[in-house]
Amino acid sequence: LRLKQIDLCGFKSFCDRERLRFSGTGIAAVVGPNGCGKSNICDAVNWVLGEQSAKSLRGARMHDVIFNGSRNRAPAGLATVTLILHDSGLASGSAGEDNGMPRPVRLPASRAPGEIAVTRKLFSSGQSKYMLNGKVVRLRDVQDLFLGSGLGPNHYAIIEQGRIGRLLSARALDRRAFVEEAA
Amino acid sequence: LRLKQIDLCGFKSFCDRERLRFSGTGIAAVVGPNGCGKSNICDAVNWVLGEQSAKSLRGARMHDVIFNGSRNRAPAGLATVTLILHDSGLASGSAGEDNGMPRPVRLPASRAPGEIAVTRKLFSSGQSKYMLNGKVVRLRDVQDLFLGSGLGPNHYAIIEQGRIGRLLSARALDRRAFVEEAA
Amino acid sequence: TRKKFTAAFEGINLHFRQVFATLFGGGIGEMRLSDPDNPGESGIDIVAQPPGKRLQSVALLSGGEKSLTVMALLMATFRYKPSPFCILDEVDSQLDESNTVRMRSLLKEMAPETQFIVITHSKTTMEVAETLYGVTMGEAGVSRLVSVRMSDPAAGAEEQDRERE
Amino acid sequence: TRKKFTAAFEGINLHFRQVFATLFGGGIGEMRLSDPDNPGESGIDIVAQPPGKRLQSVALLSGGEKSLTVMALLMATFRYKPSPFCILDEVDSQLDESNTVRMRSLLKEMAPETQFIVITHSKTTMEVAETLYGVTMGEAGVSRLVSVRMSDPAAGAEEQDRERE
Ligand SMILES: Nc1ncnc2c1ncn2[C@@H]1O[C@H](COP(=O)(O)OP(=O)(O)OP(=O)(O)O)[C@@H](O)[C@H]1O
Ligand SMILES: Nc1ncnc2c1ncn2[C@@H]1O[C@H](COP(=O)(O)OP(=O)(O)OP(=O)(O)O)[C@@H](O)[C@H]1O
Ligand SMILES: [Mg+2]
Ligand SMILES: [Mg+2]
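Chains Y, Z, A and L are the protein sequences, given in the same order. Under this note's numbering, the first sequence has 178 at position 178, and the numbering climbs by one with no breaks. Under this note's numbering, the second sequence has 1053 at position 53, and the numbering climbs by one with no breaks. Under this note's numbering, the third sequence has 2125 at position 125, and the numbering climbs by one with no breaks. Under this note's numbering, the fourth sequence has 3001 at position 1, and the numbering climbs by one with no breaks.
The following block contains the structure:
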């Protein structure tokens, strides 16, 4: 399974739609001055994977992730983040590369063969939606997709700014949970 | 009141006695590779000012601040840190520069006019001592000396590694305590 | 299941010891069960002893030493079981120059298996990226992206790494 | 006492607004009483709005923006009431290059009043130091100090000998 694309629209400082494309392997560096939005991209991925705690995203309420305006722009009414992955196994019909993803459970048909699109929306009304390949699903379905990959609720494959010490200062049983996730 | 010198001996990675001298104003940079002992110097100052929490010094027990040996060295039996400050007011007999230090209460006579030497010792037996100008005093006397200077128990004048966010994430009442300290 | 856990524990640990020794130029880095007699429920402790230093709790390590220890454990986990992607937000901020070079070599080694997204201010770290995403705020408060594909930065960076050693 | 607290609160705030605006090139940075009707017991909130951005909680600020905000407040406190010395351990680790330059200018401004001890990996920050203390571990696990007076590098060795006494 490979990461192909991240789309952000109305999410934190990303007022308009912005897109990051990836080859699926290798190193992509994200650079820029203080406060320009780099960590907001990290927040966006945590969020679309199902993060439930606004505090983990530096907010007080989940509503804080919606673009709240700037000098020249009005606040947005909706925050949308889409993650697009590619499963070569799905595409070719044979067993795909096993990099930790369970075979997607009841995955809706995608636009392109092997494509898995995960979307989360939050309206300023508070209404919230998760989608897999365009079909509305539950949070639970998104979490199941990533179970055991290090991108589930125990997402050790994402290290947020200033949180690298987390694994060392965690309780012994929390560290067990991390190994169990990888098991 | 001016900082003149910091002596460390047997404290954390400072097996032998090492000394930092200061003019009392200006910028002194402390540099070196990862793990060489820079933050240990910061810990030493917090410790000699009376830090009671081993955890704040990254240890499990206060005993952890005593040099515990290396490939070629045996553990030390004693950790000693001495801070030397100079009070031009004391030296000249007139009112010294007011940079936040209350007139020292019952300060023992010093070796040099205007000198204030603060020492803390911890023996591996667990026995512990505070000294002002060579005379044994209580922890309380050391803390009183620095009250209101930002170097007391609420030591806002020291920002430890990774803790710069502390003032922002603190509770509103803790921030009040910081302004009260400066008041 | 307990069998799976033990396999993962030992598999990750094997790699952790190696990567730690590579990053630190020696020393001991490994996981240990807090309660070895009860592997079915035991928590996990991390042991990290840089070369030449005596064993102490990981809490006493320096900021840079802690960063390297965690990176060693994370990369070891990916060697046991790769993830589709990995996001690292300023994990190099506490590293000195030579450790930044060691960390980026480690990332380069792991790169064929995984998409790394590395947020960084370090030019040294940027040098091993094939793609750079620049985030800008030309208009106040509005983030925009600019992408730059680096033309084979790997060759140049490898040269530099060998020079630095 | 309440009168002293109010004087300190307003005194520090005056400087905080100025230093914040200098570091951020504009914007609003100040302290506010959580409970303005009860100044005798009220907690204190921090407001920080970089130029061009809308007001939000400080928690949403970036790592670098948080570092600058805290440094502005600390330096403002020293302007109201200097401390004998101030220790800063890697406070520049999250700053980009231009903000590192702004922070070191701020330190230079405050330097005549206070002894700053700045632990850093940044060459930019080191450049404004009059004295450099190099910490080394030539012998594994044992820290030693080497001091260099920047204004007179030739005095470096002499310094070292005196330090060892
Ligand atoms: N809902 C929102 N609407 C608009 N702007 C927001 C929103 N949430 C956060 N921001 C802004 O995003 C900025 C922080 O962005 P981010 O943390 O991504 O910066 P960064 O590029 O990681 O910087 P650094 O290098 O300092 O870590 C803040 O200035 C904050 O005001
Ligand atoms: N009691 C002790 N005896 C001997 N060594 C100790 C003791 N306590 C801590 N150390 C060692 O000191 C080292 C940490 O030093 P310190 O935190 O000062 O590093 P640093 O120079 O600040 O590095 P960095 O740049 O990574 O922050 C650790 O390797 C630790 O093992
Ligand atoms: Mg950031
Ligand atoms: Mg340090």
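Ideal placement from N, C-alpha and C gives every residue a C-beta, glycine not left out. All values derive from a computational prediction rather than experimental measurement.
Mind pulling the chain L residues with CB within less than 9 Å of residue i?
i	result
residue 33 of chain Y	3064, 3096, 3097, 3098 and 3099
residue 2090 of chain A	3063, 3093 and 3094
residue 1028 of chain Z	3115, 3116, 3117, 3118, 3129, 3130, 3131, 3132, 3133 and 3147
Measuring CB to CB, does residue i end up less than 7 Å from residue j?
i	j	result
residue 3077 of chain L	residue 3117 of chain L	no
residue 1122 of chain Z	residue 1079 of chain Z	yes
residue 1034 of chain Z	residue 2138 of chain A	no
residue 3093 of chain L	residue 1172 of chain Z	no
residue 1126 of chain Z	residue 1087 of chain Z	no
residue 2143 of chain A	residue 70 of chain Y	no
residue 3071 of chain L	residue 3110 of chain L	no
residue 3060 of chain L	residue 61 of chain Y	no
residue 3119 of chain L	residue 3097 of chain L	no
residue 2044 of chain A	residue 42 of chain Y	no
residue 184 of chain Y	residue 10 of chain Y	Beyond the ends of chain Y as shown, which are 1 and 183, falls residue 184 of chain Y; an answer cannot be given.
residue 2126 of chain A	residue 74 of chain Y	no
residue 1050 of chain Z	residue 1142 of chain Z	yes
residue 1068 of chain Z	residue 2149 of chain A	no
residue 84 of chain Y	residue 161 of chain Y	no
residue 2029 of chain A	residue 2016 of chain A	yes
residue 3050 of chain L	residue 3020 of chain L	no
residue 1184 of chain Z	residue 1165 of chain Z	Only positions 1001 to 1183 of chain Z appear in the structure, and residue 1184 of chain Z is not among them; the question remains open.
residue 2122 of chain A	residue 2136 of chain A	no
residue 1120 of chain Z	residue 1065 of chain Z	no
residue 3048 of chain L	residue 1027 of chain Z	no
Assuming residue i contacts residue j under a Cβ cut-off of 8 Å, what Cβ separation, rounded to an integer in Å, is found between them?
i	j	result
residue 3104 of chain L	residue 3124 of chain L	7 Å
residue 1003 of chain Z	residue 3084 of chain L	5 Å
residue 177 of chain Y	residue 2004 of chain A	Rounded, the Cβ-Cβ distance is 14 Å, inconsistent with contact.
residue 1108 of chain Z	residue 1147 of chain Z	Going by Cβ atoms, the distance from residue 1108 of chain Z to residue 1147 of chain Z rounds to 18 Å, so no, they are not a contact pair.
residue 1158 of chain Z	residue 1046 of chain Z	6 Å
residue 3056 of chain L	residue 1022 of chain Z	Rounded, the Cβ-Cβ distance is 41 Å, inconsistent with contact.
Quick one: which chain A residues come within Cβ less than 9 Å of residue i?
i	result
residue 1161 of chain Z	2062, 2063 and 2094
residue 78 of chain Y	Those within 9 Å of residue 78 of chain Y in chain A number zero; the least Cβ separation is about 16 Å.
residue 1064 of chain Z	2056, 2057, 2059 and 2060
List, in chain order, every chain Y residue whose beta-carbon is nearer than 7 Å to that of residue i.
i	result
residue 3053 of chain L	70
residue 3057 of chain L	60
residue 2024 of chain A	Chain Y residues near residue 2024 of chain A: none, gap ~15 Å exceeds 7 Å.
residue 2009 of chain A	179
residue 2105 of chain A	Near residue 2105 of chain A there are no residues of chain Y at all, since even the closest Cβ is about 12 Å away, more than 7 Å.
Assuming residue i is part of the beta strand (DSSP E), what are its boundary residues?
i	result
residue 87 of chain Y	Premise fails: residue 87 of chain Y is in no beta strand (DSSP E) and is neither H nor E.
residue 3073 of chain L	Run containing residue 3073 of chain L: none in the beta strand (DSSP E); it sits in the alpha helix (DSSP H), 3063–3080.
residue 2085 of chain A	2085–2089
residue 3179 of chain L	Only positions 3001 to 3165 of chain L appear in this structure, which leaves residue 3179 of chain L out of reach.
residue 3037 of chain L	It is not in any beta strand (DSSP E) - residue 3037 of chain L carries neither H nor E in the DSSP assignment.
residue 3173 of chain L	Given a span of 3001 to 3165 for chain L in the structure shown, any question on residue 3173 of chain L remains unanswerable.
residue 3031 of chain L	3028–3033
residue 197 of chain Y	Residue 197 of chain Y is absent from the model: chain Y starts at 1 and stops at 183.
residue 4 of chain Y	2–9
residue 163 of chain Y	Note, residue 163 of chain Y: premise wrong, no beta strand (DSSP E); not H, not E.
residue 1017 of chain Z	Here residue 1017 of chain Z belongs to no beta strand (DSSP E), and DSSP marks it neither H nor E.
residue 2045 of chain A	2044–2049
residue 2134 of chain A	2131–2136
In chain A, which residues lie less than 8 Å from residue i when you measure between Cβ atoms?
i	result
residue 156 of chain Y	2074 and 2077
For the alpha helix (DSSP H) that residue i lies in, which residues bound it at each end?
i	result
residue 2100 of chain A	2097–2110
residue 2023 of chain A	2002–2024
residue 1174 of chain Z	1172–1182
residue 1166 of chain Z	1166–1169
residue 3123 of chain L	3123–3126
Give the residues of chain Z in contact with residue i, contact being defined as C-beta atoms less than 7 Å apart.
i	result
residue 2050 of chain A	1035
List, in order along the chain, the chain L residues whose C-beta lies closer than 8 Å to that of residue i?
i	result
residue 2141 of chain A	3052, 3053 and 3054
residue 16 of chain Y	What residue 16 of chain Y touches in chain L: nothing, since even the nearest Cβ is about 16 Å away.
Please compile the residues from chain L whose C-beta is within a distance smaller than 7 Å of the C-beta of residue i.
i	result
residue 2121 of chain A	3096
If the cut is a Cβ gap below 7 Å, which residues of chain A does residue i touch?
i	result
residue 38 of chain Y	2119 and 2135
residue 42 of chain Y	2087, 2089 and 2119
Exercise for review: Would you mind listing the beta strand (DSSP E) stretches within the stretch 1026–1072 of chain Z that are 3+ residues and don't spill past its ends, in chain order?
Suggested key: 1026–1031
Practice item. Please go through the stretch 1115–1148 of chain Z and give each complete alpha helix (DSSP H) segment of 4 or more residues, from N-terminal end onward. Key: 1139–1146
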